[in-house]
Amino acid sequence: MGRIGIAWRMLARDWRAGELKLLALALVVAVTSVTSVSFFADRVRQALVRDAHQLLGGDLLITADHPLELQFIAEAQRRGLTVALRTRFISMSRYGEAMQLTGVKAVSENYPARGKLRIAPAPNAPDADAGGGPPSGSVWIDERLAAALNARVGMQLELGAAQFDIGAILTLEPDRGVSFFNLAPRLIMNVADVPRTELIQVGSRVRYGLLVAGEREVVEAYKRWAKARIGRGERLEGLDSARPEIRAGLDRAQQFLGLTALLAVILAAVAIGLATRRYTRRHFDNYAVMRCLGASQWQLFWLFAWEFTALGLIASAIGCALGFGTQQLLAGGLTEFVAAELPPPSWVPAAQGVLLAFVLLLGFALPPLMQLKDVSALRVLRRDIGPPRERQLVSYAAGFVALTGLVLWQAGDAMLGGYVLGGFAMAAIAFAVISYGALRLIAGTGALGGIAWRYGLANLRRRASQSTVQILALALGLTAILLLTVTRADLLAAWRAKTPPDAPNRFILNIQPEQREPLARFFRERNLPPVTIYPMIRGRLLAINGVEVSAERYDEERTRRLVEREFNLSYMNELPAHNRIEAGRWFTAADRASGAFSVEQGIAKRLGIEVGDRLTWSVGGRSFTAPATNIRKLDWDSMQVNFFVIATPPLLERYPTSYITSFHLGGSHAADMNELTQAFPNLTVVDMSVILRQALAVIERVVQAVQVVFLFALAAGLLVLYAALMATEDERVREAALLRALGASRSQVTAAQRAEFIAIGLAAGILSAAGAAGIGALLAERVLSLPYWPNPWLWLWGPALGAACVAVNALAGARAALSRPPVTALREAE
Amino acid sequence: MPGEAVAVVGASGSGKSTLLGLLAGLDTASRGSVRLDGVELFALDEDGRAALRKRLVGFVFQSFQLLAPLTALENVMLPLELAEQGDAEVQARAMLERVGLGDRLGHYPKYLSGGEQQRVALARAFVVQPKVLFADEPTGNLDAATGKGIIDLLFALNAEHGTTLVLVTHDEMLAGRCARQIRLAGGRVVDGER
Chain V
7 MGRIGIAWRM LARDWRAGEL KLLALALVVA VTSVTSVSFF ADRVRQALVR
57 DAHQLLGGDL LITADHPLEL QFIAEAQRRG LTVALRTRFI SMSRYGEAMQ
107 LTGVKAVSEN YPARGKLRIA PAPNAPDADA GGGPPSGSVW IDERLAAALN
157 ARVGMQLELG AAQFDIGAIL TLEPDRGVSF FNLAPRLIMN VADVPRTELI
207 QVGSRVRYGL LVAGEREVVE AYKRWAKARI GRGERLEGLD SARPEIRAGL
257 DRAQQFLGLT ALLAVILAAV AIGLATRRYT RRHFDNYAVM RCLGASQWQL
307 FWLFAWEFTA LGLIASAIGC ALGFGTQQLL AGGLTEFVAA ELPPPSWVPA
357 AQGVLLAFVL LLGFALPPLM QLKDVSALRV LRRDIGPPRE RQLVSYAAGF
407 VALTGLVLWQ AGDAMLGGYV LGGFAMAAIA FAVISYGALR LIAGTGALGG
457 IAWRYGLANL RRRASQSTVQ ILALALGLTA ILLLTVTRAD LLAAWRAKTP
507 PDAPNRFILN IQPEQREPLA RFFRERNLPP VTIYPMIRGR LLAINGVEVS
557 AERYDEERTR RLVEREFNLS YMNELPAHNR IEAGRWFTAA DRASGAFSVE
607 QGIAKRLGIE VGDRLTWSVG GRSFTAPATN IRKLDWDSMQ VNFFVIATPP
657 LLERYPTSYI TSFHLGGSHA ADMNELTQAF PNLTVVDMSV ILRQALAVIE
707 RVVQAVQVVF LFALAAGLLV LYAALMATED ERVREAALLR ALGASRSQVT
757 AAQRAEFIAI GLAAGILSAA GAAGIGALLA ERVLSLPYWP NPWLWLWGPA
807 LGAACVAVNA LAGARAALSR PPVTALREAE
Chain H
21 MPGEAVAVVG ASGSGKSTLL GLLAGLDTAS RGSVRLDGVE LFALDEDGRA
71 ALRKRLVGFV FQSFQLLAPL TALENVMLPL ELAEQGDAEV QARAMLERVG
121 LGDRLGHYPK YLSGGEQQRV ALARAFVVQP KVLFADEPTG NLDAATGKGI
171 IDLLFALNAE HGTTLVLVTH DEMLAGRCAR QIRLAGGRVV DGER
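Going down the list, the protein sequences come from chains V and H.
Each number in the numbering used here comes from the position in the first sequence (counting from 1) with 6 added on.
Each number in the numbering used here comes from the position in the second sequence (counting from 1) with 20 added on.
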């Protein structure tokens, strides 16, 4: 029989004896939480790319100023890709006497290739998935066109030489994206009806588009094929960014999830360390006996190594399976927001899970196990030979370093990982120092009180270092539990509060300077909330520090597209409320005199702009240069009007400007919007409620998902508590038996232990309340950018929980000792 | 001499256990030498001595030293498994039958009486057919009647296997059953008569 065979048997026997359950459970919890989060993050990352494709209406878009050559369509169909057509032009639509310049999009019936059109039976009515483009003979118009023409669903509208039924109100076009600059009201029709309108003549300004979608590799191959054949006036468009509002929600979700998984891992590491320590202590004698029976150190080392390897493999396999299942649950709630079908997760998270199990075992189980090597075989003959010296915390340093590396890789967010690990490391050190000091102090007051109290406190003093370990572990476990219950609820509430139900759901664009006052009056008269109106000017970024900005300089497709487009610039003197300066300072009087820019953080990072860089812009055919004096962080969740670039007013005031605003439109004011579009026919009102609803729903679903993962971390926290309490259980049973043998009454035995435990429980509880408040504040402030005030209940819950945990444990331990004759308890505990 | 039974006697603290540790190669001395089956023990490293123990030595302890998570059968199988022998279970069963515990194979130590535990320990010691058996106060934790039963079994097995027995005890009656007694006091041999 080989060594592996014996190791398997040892594993089975230890398992049966319950020696490994805590260890295995801690491993499973750690692997499950990490893999479920990384499986999920992996899929969401892939889905976000898809989501971006939705904004394009397909995975790839070919546009041209002339009808596309048939070869593009034929080749895409030959490769099995979904193909949709779209033709865009501007025309006048007419209903009765009313006429309106309209952005027309003629589409094939299977349009769009990715994403969905959404339509409603009437303005402001609930919308639904359209399931494709409009049938021939029917058109769908947006709310603005309906208001401008005063037309309703079911009536007939004239477009060029043809008449069409108004089939529905169009509420969402995936490929319209967040660009508001298709300013005209919208109409969508069937591409087969275009010839009937006789609108497309030689010289008409028409943009033809071909949308394709399918398997990624096939699309990539087609893209290469098409790129080689693209002609003049034709363009290939790749992917654009996802809607920033939803992206922000998912990003924060991943932070929350990553954070929780991290907590679970750290806690599991503590639990594994404690459980293995106990395992080791209980195996000193067994190890010595096996040495007597002739096993060499090397042989025993391999046996234990194999046993723990097998345990690690089994636990990580179970953890990965559970993680995969949990991820399905998490993803289930989110599919409707990110894509029709989430792409299957890759195998990387599973590999991470297995790796994690082994890092945890090597880092936190190996140090106590190594102690076994130093066990003297002579121990079997002479009880006075104590256990080998513990290598103390130093031996865990390597494990901590390895864990840090793994966690940073897994979290993919150095800042988040750094804060959590750093926070816990600092807390652990502070807890250890404080509790050791407190124990010495308490021991000094030992002369007070009755015998039970004196005996209990004497125990604390005698076992100062072991009690420190126990307080430390208890405090860490309780910190996590408080963080996960009280602090978590506060953080989630703070996050929810960022996108309040009355967040703006309508944007008004194209406001002319002289309309600002009448518009404000319109709002006042109808008791609508007052609005802040921002100027908006289109401009192109020409150069950074004198170096010309061109798409070729950037690798990322998103960045390339960004610099090819015009930016929306605004100017103002005050920093908008939902913006925050991340670097540099807001405009000073001197800046206002000489001219300066404020740049949004994400864009600045993408384009490589830093504070002090000189930016050259072209606006209305003229160019000017000024420095960027600050980098701003935007709050996308707020749904407010946001600008990537803000200038000091003198720089832009002289250019023709239109204005933009956002506001919340309650259901009772729906009629006001029709009045608004009639009173100010040139205004473009964009209904963001669909997006807002999606953003809010994403948050809700993510909160649910986070709750699930929180359960794992909570489980890990409980395991730590349990392990911390079990660590001294054997000793407690023996002591209680000893006291009994010496004639102590039942109540004296429990009282002595109670004194010791209350001290430990209270100390751990107070430390954990401080830890949870501190870490919570740090996370809220530095990582999640949420406003947060520590919950005062922490200071009650922490000590109460701590005292309760140890009290229950003390009772259980005492009962175990008291329920049997002292001799039995003593013999077993020996 | 092979097959001989030797008792090491002396009061508590006289050095009996220390001597046993040295003879079994569990401990090393700063001076002198110990030869086990002709091999110089202190010339070997700890693993070398362990290999020698595996080949030659069996142990019986005062406190039984059975492994708590293992059943009686598994405790007896353990030395065979450590020696990587294939038919561990068959041999261990036979040995437990021999010590009268054929119906207790699946019991854990904590469900066995003291006498039963020591019989499992005897089975574990003899199952590897050791040349030398070291017994450290094998009846120290047992009442007189049970202790007598264990000693009878010990000597019976010893005779069956032709094992050399080194028995540490402070029980003069027990020592009297051995062919030779070595008396210790204050860490020195005061009487080594046959």
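Where a beta carbon is used, it is the ideal one built from N, C-alpha and C, also for glycine.
This one's a predicted model, so the numbers in the text were calculated from it and none came from an experiment.
Selection of the segment 62–77 of chain H by Cβ proximity to chain V, strictly under 8 Å:
Residues of the segment 62–77 of chain H with a Cβ closer than 8 Å to any Cβ of chain V, in chain order: E66, D67, A70, A71, L72, R73, K74, R75 and V77.
Looking at the unbroken beta strand (DSSP E) that takes in S97 (chain V), where does it start and where does it end?
Counting from 1 along the first sequence, the entry for residue 97 (chain V) is found at position 91. Note, S97 (chain V): beta strand (DSSP E), T88 to Y101.
Out of V:A779, V:S624, V:Y228 and V:T177, which one is the CA nearest neighbour of A433 (chain V)?
Residue 433 (chain V) sits at position 427 when you count from the first residue of the first sequence. With distances taken between Cα atoms, A433 (chain V) lies closest to V:A779.
Is there a Cβ of chain H sitting closer than 8 Å to that of L245 (chain V), yes or no?
As a position in the first sequence, residue 245 (chain V) is number 239, starting the count at 1. Interpretation of L245 (chain V) is limited by its pLDDT of 48, a score under 50 that renders its predicted location unreliable; the figure taken from the coordinates is listed afterwards. No, L245 (chain V) does not count as interfacial toward chain H.
The alpha helix (DSSP H) enclosing I772 (chain V), as first and last residue numbers:
Along the first sequence, one-based indexing puts residue 772 (chain V) at 766. From DSSP, the alpha helix (DSSP H) with I772 (chain V) extends over R752 to L784.
Per-residue burial, R222 (chain V) [other beta carbons within 10 Å of its own, 16 or more giving buried]:
Here residue 222 (chain V) corresponds to residue number 216 of the first sequence, with the count starting at 1. By the neighbour-count rule (16 or more Cβ atoms within 10 Å), R222 (chain V) is not buried but exposed.
Pull out every residue of the segment 36–60 of chain H whose Cβ sits closer than 9 Å to any Cβ of chain V, in chain order.
When CB distances to chain V are screened at a threshold of 9 Å, the residues of the segment 36–60 of chain H falling below it are S37, T38, L40, G41, A44, G45, L46 and D47, in chain order.
N- and C-terminal bounds of the alpha helix (DSSP H) containing W231 (chain V)
As a working note, residue 231 (chain V) is residue 225 in the first sequence. Note, W231 (chain V): alpha helix (DSSP H), R222 to R235.
Is the separation between the beta-carbon of F430 (chain V) and that of A481 (chain V) shorter than 8 Å?
In the first sequence, counting from the first residue as 1, residue 430 (chain V) sits at position 424. In the first sequence, counting from the first residue as 1, residue 481 (chain V) sits at position 475. Contact flag unset, no.
In the segment 31–100 of chain H, which residue ranges form an unbroken beta strand (DSSP E) of at least 3 residues, counting only runs that do not cross its ends?
For the segment 31–100 of chain H, whole beta strand (DSSP E) runs of length 3 or above, ordered along the chain, are 77–80.
Whether G808 (chain V) touches L744 (chain V) by CB criterion (8 Å)
The residue labelled residue 808 (chain V) in the question sits at position 802 within the first sequence. The residue labelled residue 744 (chain V) in the question sits at position 738 within the first sequence. No, they are not a contact pair.
Closest Cα partner of F62 (chain H) within the set H:A164, H:D123, H:G41 and H:R75
Taking the first residue of the second sequence as position 1, residue 62 (chain H) is located at position 42. Looking at the Cα atoms, H:G41 is the closest of the given residues.
Under the three-state reduction of DSSP, which class applies to M578 (chain V): helix, strand or coil?
In the first sequence, residue 578 (chain V) corresponds to position 572, counting from 1. M578 (chain V): coil per DSSP, three-state reduction.
Should N579 (chain V) go down as buried or exposed, given a rule of 16 or more other Cβ atoms within 10 Å for buried?
In the first sequence, the residue the question calls residue 579 (chain V) occupies position 573. N579 (chain V) is classed as exposed because its beta carbon has fewer than 16 other beta carbons within 10 Å across all chains shown.
Going by DSSP in three states, S664 (chain V) sits in which element: helix, strand or coil?
Numbered from its first residue, the first sequence carries residue 664 (chain V) at position 658. Three-state result, S664 (chain V): strand.
Does DSSP put P535 (chain V) in a helix, a strand or coil?
Here residue 535 (chain V) refers to the residue found at position 529 when the first sequence is read from its first residue. Note: P535 (chain V) maps to coil in three-state DSSP.
List, from N- to C-terminal side, the alpha helix (DSSP H) runs of 4 residues or more that fit wholly inside the segment 129–214 of chain H.
Counting only runs that start and end inside the segment 129–214 of chain H, the alpha helix (DSSP H) elements of at least 4 residues fall at 134–146, 164–181 and 192–196.
Neighbouring residues, chain H, relative to D380 (chain V) (Cβ below 9 Å):
What you label residue 380 (chain V) is simply residue 374 of the first sequence in a count that begins at 1. Under the 9 Å cutoff, chain H gives no residues; its nearest Cβ is about 11 Å from D380 (chain V).
6 Å Cβ shell around I324 (chain V) - same chain, five flanking residues per side excluded:
On the first sequence, position 318 is the one that residue 324 (chain V) refers to. Correct list, in chain order: V34.
Proximal residues, the segment 155–171 of chain H versus chain V, C-beta separation under 7 Å:
Listed in sequence order: D156.
Outcome for V209 (chain H) when other beta-carbon atoms lying within 10 angstroms are tallied against a minimum of 16:
Taking the first residue of the second sequence as position 1, residue 209 (chain H) is located at position 189. Its Cβ having fewer than 16 others within 10 Å, V209 (chain H) is exposed.
L299 (chain V) CB to nearest chain H CB: under 8 Å?
Counting from one through the first sequence, the residue named residue 299 (chain V) turns up at place 293. Answer yes: the Cβ-Cβ gap between L299 (chain V) and chain H drops below 8 Å somewhere.
By Cβ distance, which residues of its chain are closer than 7 Å to K233 (chain V), with the 5 residues on each side in sequence left out?
Locating residue 233 (chain V) in the first sequence gives position 227, where the first residue counts as 1. The residues L242, in chain order, have a CB closer than 7 Å to that of K233 (chain V) in the same chain once the five nearest residues on each side in sequence are set aside.
Helix, strand or coil for I550 (chain V), going by three-state DSSP, please let me know.
On the first sequence, position 544 is the one that residue 550 (chain V) refers to. Of the three classes helix, strand and coil, the one that applies to I550 (chain V) here is strand, per DSSP.
Restricting to Cα atoms, I'd like to know which of V:A776, V:L368 and V:N648 is closest to L409 (chain V).
As a working note, residue 409 (chain V) is residue 403 in the first sequence. Answer by Cα proximity: V:L368.
Should A383 (chain V) be flagged as near chain H, meaning a C-beta pair shorter than 8 Å?
Along the first sequence, one-based indexing puts residue 383 (chain V) at 377. Yes, contact with chain H.
Where D132 (chain H) and D123 (chain H) are concerned, what is the direct C-alpha to C-alpha distance, given to the nearest angstrom?
As a working note, residue 132 (chain H) is residue 112 in the second sequence. As a working note, residue 123 (chain H) is residue 103 in the second sequence. With the sequence shown as reference, residue 132 (chain H) is identified as Leu, and Asp is not the correct amino acid for it. C-alpha separation (whole angstroms): 12 Å.
Does any CB atom of chain V fall closer than 8 Å to the CB of E101 (chain H)?
Residue numbering aside, residue 101 (chain H) sits at position 81 when the second sequence is read from its first letter. Closer than 8 Å to some Cβ of chain V, the Cβ of E101 (chain H) qualifies, so yes.
Of the residues V:T203, V:D148, V:I175 and V:A152, which one's Cα is nearest the Cα of A168 (chain V)?
As a position in the first sequence, residue 168 (chain V) is number 162, starting the count at 1. Measuring C-alpha to C-alpha distances from A168 (chain V) to each of V:T203, V:D148, V:I175 and V:A152 identifies V:T203 as the nearest.
Contact under 8 Å by Cβ, F528 (chain V) with P536 (chain V)
Walking along the first sequence from the start, residue 528 (chain V) turns up at place 522. Walking along the first sequence from the start, residue 536 (chain V) turns up at place 530. Result no, Cβ atoms of F528 (chain V) and P536 (chain V) do not sit closer than 8 Å.
In the DSSP assignment, find the beta strand (DSSP E) that holds Q105 (chain H) and state where it starts and stops.
Indexing the second sequence from 1 puts residue 105 (chain H) at position 85. Q105 (chain H) -> no beta strand (DSSP E), and no H or E assigned at all.
Roughly how many angstroms separate the alpha carbons of H670 (chain V) and A589 (chain V), rounded to a whole number?
Walking along the first sequence from the start, residue 670 (chain V) turns up at place 664. Walking along the first sequence from the start, residue 589 (chain V) turns up at place 583. A direct Cα-Cα distance of roughly 31 Å separates H670 (chain V) from A589 (chain V).
Quick one: list the residues of chain H neighbouring V295 (chain V), beta-carbon separation under 7 Å, in chain order.
Your numbering for residue 295 (chain V) matches position 289 in the first sequence. At a C-beta separation below 7 Å, V295 (chain V) has these neighbours in chain H: Q85 and L87.
Compare the Cα-Cα distances from Q162 (chain V) to each of V:G405, V:N156 and V:D171 and report the closest residue.
Stepping through the first sequence from its first residue, residue 162 (chain V) is reached at position 156. That would be V:D171, whose Cα lies nearest to the Cα of Q162 (chain V).
Do the CB positions of L93 (chain H) and R144 (chain H) come within less than 8 Å of each other?
Translated into positions along the second sequence, residue 93 (chain H) becomes position 73. Translated into positions along the second sequence, residue 144 (chain H) becomes position 124. Their beta carbons are not under 8 Å apart, which means L93 (chain H) does not touch R144 (chain H) by this criterion.
Quick one, which of V:Y661, V:Y228, V:Y425 and V:L427 has its alpha-carbon nearest R85 (chain V)'s?
Position 79 of the first sequence, counted from the first residue, corresponds to residue 85 (chain V). The option with the nearest alpha carbon to R85 (chain V) is V:Y228.
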